[in-house]
Amino acid sequence: ISHPSVRLNGMIDAFLKIGRQEGVTSLWRGLRPTLMMQLPASALYFPIYEVVKEKIEKGEQEPTNFWVGPVVAGLVSRTITGTVVSPLELVRTNLQANAVADASIESNNMIK
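First residue of the sequence shown: 35, per this note's numbering; consecutive thereafter.
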């Protein structure tokens, strides 16, 4: 909601007011860039996780610490994925911010 004097009282109230003032489709603004960002993130994370976990588990003679492989694999894969996907998150944030600014400008022009 772009008007500063509008007070929101909970989630349902926010959905209703945003839907009325900005249109129902504004509730899903930014969903497309978010979903498009998840594709490369998932495509990188899971294969990296499996390869790293497999290499760690092959190196152990006795699996006494069953948690080491998944934890290290998660750390490595999340670090690599986060590094690669961060520029996409910046683009997504800019798209969402510009969409909000554009919607605010359009609604102000319609009132005048």
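Every residue, glycine too, gets a C-beta built ideally from N, C-alpha and C.
In whole angstroms, give me the CA-to-CA distance for residue i and residue j.
i      : j      : result
GLU88  : THR117 : 22 Å
VAL151 : ARG112 : Residue coverage of the chain in this structure runs from 35 to 146, which leaves residue 151 outside it and unanswerable.
THR115 : ARG66  : 20 Å
SER76  : ILE82  : 10 Å
ASP47  : GLN72  : 29 Å
GLY44  : LEU129 : 26 Å
PHE80  : LYS92  : 18 Å
ASN132 : VAL119 : 20 Å
GLU84  : ASN99  : 17 Å
VAL105 : THR68  : 26 Å
GLU56  : GLY103 : 48 Å
TRP101 : ALA107 : 10 Å
LEU42  : MET70  : 30 Å
PHE49  : LEU61  : 8 Å
VAL110 : GLY64  : 28 Å
VAL40  : LYS51  : 9 Å
ILE90  : LEU78  : 18 Å
Count the other CB atoms within 10 Å of the CB of residue i; is the residue buried (16 or more) or exposed (fewer)?
i      : result
THR127 : exposed
VAL86  : buried
GLY53  : exposed
If I'm right that residue i touches residue j with Cβ under 8 Å, what's the distance once you round it to whole angstroms?
i     : j      : result
PRO74 : LEU124 : Actually they do not touch by this definition, with Cβ atoms about 14 Å apart.
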